[in-house]
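**Student:**
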Amino acid sequence: MEISLINIGNSKGIRLPKTILKKFNILDKIEMTLEKGYTILKPKLSPRKNWEKAFAQMHEEGDDKLLIDDVFSDEQFEE
Numbered sequence: 479m480e481i482s483l484i485n486i487g488n489s490k491g492i493r494l495p496k497t498i499l500k501k502f503n504i505l506d507k508i509e510m511t512l513e514k515g516y517t518i519l520k521p522k523l524s525p526r527k528n529w530e531k532a533f534a535q536m537h538e539e540g541d542d543k544l545l546i547d548d549v550f551s552d553e554q555f556e557e
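Following this line, the structure appears as structure tokens:
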């Protein structure tokens, strides 16, 4: 696919077609890397986005209990 550069102030930019944005789930930001003469554009991932909401929902549903005890009966804290 050939894309023309456009003027943005003193810089240059590109426009990505809506179909590309949708297909690769590009919302607000992209990550750009340069490798072996290639420019690679990837969606900027936010892996922890909305965790607070998910944790609140887990708490409401009682699904935030420990699976194993955080202190074992055979642990010795003093030596």
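Counting from 479, one number per residue, gives the positions in the sequence shown under the working numbering.
For every residue, glycine included, the Cβ atom is placed at its ideal position computed from N, Cα and C.
Measuring straight from C-alpha to C-alpha, what distance separates L505 and L494?
**Tutor:** 12 Å
**Student:** Compute the Euclidean distance between the alpha carbons of N485 and G491, then round it to the nearest angstrom.
**Tutor:** Distance between the alpha carbons of N485 and G491: 6 Å.
**Student:** Return the chain-ordered ranges of every beta strand (DSSP E) run that is complete within the stretch 481-521 and spans a minimum of 3 residues.
**Tutor:** 484-486, 489-491, 508-513 and 516-521
**Student:** Please report the residue range of the alpha helix (DSSP H) in which E530 lies.
**Tutor:** W529 to E538
**Student:** Excluding the 5 residues flanking I518 on each side, which residues of the same chain have their C-beta closer than 8 Å to its C-beta?
**Tutor:** M510, T511 and L512
**Student:** For Q535 and D541, I'd like the C-alpha separation in whole angstroms.
**Tutor:** 8 Å
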